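Structure first, commentary second.
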Amino acid sequence: MAELSDVITFLGTAGARFVVTRQFLASGGAWLNLGDTQILLDPGPGSLVQATKRKLDPTKLAAIILSHKHLDHSGDINIMIEALTDGGTKKRGTVFAPSDALNQDPVIFSYLRSYLQSIQVLTESGSYAINDVSFRTPIRHIHPVETYGFIFQTPRHTFSWITDTRYFEDLASHYEGDLLVINVVRLKPGAPLDHLSLPEARSIIEELKPRIAILTHFGMTMWRARPWELAGKLTEETGIPVIAARDGMRFDLARLER
Ligand SMILES: [Zn+2]
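Here the sequence shown stands for residues 24 to 281, numbered as in the working numbering.
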């Protein structure tokens, strides 16, 4: 029997409007292969295309998790529900989403909801389970719509994902983990204030001291500044290995043990 592994595949690394609408970078979210459990996180525009191109099979998904309803995170959620359920012919899968993605100006069509085994509403301090994987949504982020980040726990690893948010005082303290993934949209702090910038990501990394940190969800200013060079600089400055995600990058969490 093959040993179980935990692997994150980045189906996109684009963040915010311009990089997404011009597809300078892909925007398909992330595919989590956690042991026997497959989870899709934030299926933005192109998620279906990016997944099938990489031979990832939506009918194998146990769940789709939505951090918030902005289009760059949710654009493909309906088609992914259709793909997961084989066009609604097989009732399966769970969608996890904040309540405003379901109720107020919803991004998930009503007619698709009955295709799913269940829909679970994310709340602050929530904890959830998908097979032997659990995750928590420790705190509501500061963002124009209801938004959560995640701490995932598999039988082998713990990793956190800080999704879109404005920086706030004790943000970092909620996201311990061996691996930290951070959505870093902006190169410099400043308006629009509802996204993290590189210096803010650095102070989060310095505070949390994960074994490895991965930057993703790049806006135009980050993209122009070459994220991989910025990550190299952060590695030197913090002493913690920092990686800039690339479209299609597969990160095997076994690397944390090296
Ligand atoms: Zn957003």
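Beta carbons are placed, not taken as given, at the ideal position from N, Cα and C, and that holds for glycine.
Please read all numbers here as calculations on a predicted model, not as lab measurements.
*So, is E169 buried or exposed, given that buried needs 16 or more other C-beta atoms within 10 angstroms?*
Residue 169 sits at position 146 when you count from the first residue of the sequence shown. In the assembly as shown, E169 is a buried residue. Its beta-carbon has 16 or more other beta-carbons within 10 Å.
*So which residues put a beta carbon under 6 Å from any heavy atom of ligand 1, going in chain order?*
Every residue passing the under-6 Å Cβ criterion appears here: H91, H93, H166 and D187.
*Kindly provide the ranges of any beta strand (DSSP E) runs that are 3 or more residues long and lie completely inside the segment 91 to 148, ordered along the chain.*
DSSP runs (the beta strand (DSSP E)) wholly in the segment 91 to 148: 117 to 121 and 141 to 145.
*What does a CB cutoff of less than 6 Å around D65 pick up in its chain, not counting 5 residues either side in sequence?*
By one-based count along the sequence shown, residue 65 stands at place 42. Answer for D65: G52, S90 and H96, listed in chain order.
*Check whether the Cβ of K232 lies closer than 7 Å to any heavy atom of ligand 3, and answer yes or no.*
This structure lacks ligand 3; its bound ligands are ligand 1.
*Name the two residues that bound the continuous alpha helix (DSSP H) containing S70.*
If you number the sequence shown from 1, residue 70 lands on position 47. It spans S70 to K76 - the alpha helix (DSSP H) in which S70 sits, taken as one unbroken run.
*Member of H197, S150, R136 and A152 whose CA lies at the smallest distance from the CA of H164*: Taking the sequence shown and counting its residues from 1, the one referred to as residue 164 is at position 141. Nearest C-alpha to H164: H197.
*Note down the Cα distance separating A224 from V156, rounded to an integer number of angstroms.*
Residue mapping note: residue 224 aligns to position 201 of the sequence shown, counting from 1. Residue mapping note: residue 156 aligns to position 133 of the sequence shown, counting from 1. Computed Cα separation, rounded: 26 Å.
_C-alpha gap between V208 and D193, whole angstroms_ = Reading the sequence shown from its first residue, position 185 is the one you call residue 208. Reading the sequence shown from its first residue, position 170 is the one you call residue 193. Spanning the two alpha carbons is a distance of roughly 20 Å.
*Considering only residues of the segment 178 to 252, which uninterrupted beta strand (DSSP E) runs meet the minimum length of 3 residues and lie entirely inside it, listed in chain order?*
DSSP runs (the beta strand (DSSP E)) wholly in the segment 178 to 252: 181 to 185, 202 to 206 and 235 to 239.
*Determine the contact status of A287 and A267, defining contact as a CB-CB distance below 8 Å.*
Beyond the ends of the chain as shown, which are 24 and 281, falls residue 287; an answer cannot be given.
_Ranges of the beta strand (DSSP E) found wholly within the segment 31 to 86, counting only runs of at least 3_ = Runs found: 50 to 57 and 60 to 64.
*When the Cβ atoms of the segment 177 to 186 are set against those of the segment 99 to 118, are three or more pairs found closer than 8 Å?*
Contact between the segment 177 to 186 and the segment 99 to 118 is absent: fewer than 3 CB-CB pairs across the two stretches fall below 8 Å.
_Please state the DSSP three-state secondary structure of A268._
In the sequence shown, residue 268 corresponds to position 245, counting from 1. In the three-state reduction of the DSSP assignment, A268 falls in the coil class.
*Within the same chain, show all residues whose beta-carbon is closer than 7 Å to that of I205, passing over the 5 residues directly before and after it, in chain order.*
Position 182 of the sequence shown holds residue 205. Answer for I205: I185, L219, A224, I227, A236 and L238, listed in chain order.
*Can you say whether K76 is buried or exposed, counting buried as having 16 or more other CB atoms within 10 angstroms of its CB?*
Sequence index remark: in the sequence shown, residue 76 carries index 53 (1-based). Burial check for K76: the Cβ neighbour count within 10 Å stays below 16, so the residue is exposed.
*Note down, in chain order, each residue of its chain lying with its Cβ closer than 8 Å to the Cβ of P81, except the 5 sequence neighbours on either side.*
Counting from 1 along the sequence shown, the entry for residue 81 is found at position 58. Apart from sequence neighbours up to five positions away, the residues of its chain that approach P81 with a beta-carbon distance below 8 Å are L63, L71, A74, T75, M103, A106 and L107, ordered along the chain.
_Of the residues G200, S28, E199 and Y171, the one placed nearest R189, counting alpha carbons only_ = Within the sequence shown, the letter at position 166 stands for residue 189. Taking each of G200, S28, E199 and Y171 in turn and checking the Cα distance to R189, the smallest one comes out for Y171.
_A195 versus L202, E230, Q127 and P222, residue with shortest Cα-Cα distance_ = Within the sequence shown, numbered from 1, the residue matching residue 195 stands at position 172. In this structure, E230 is the residue among L202, E230, Q127 and P222 with its C-alpha nearest to the C-alpha of A195.
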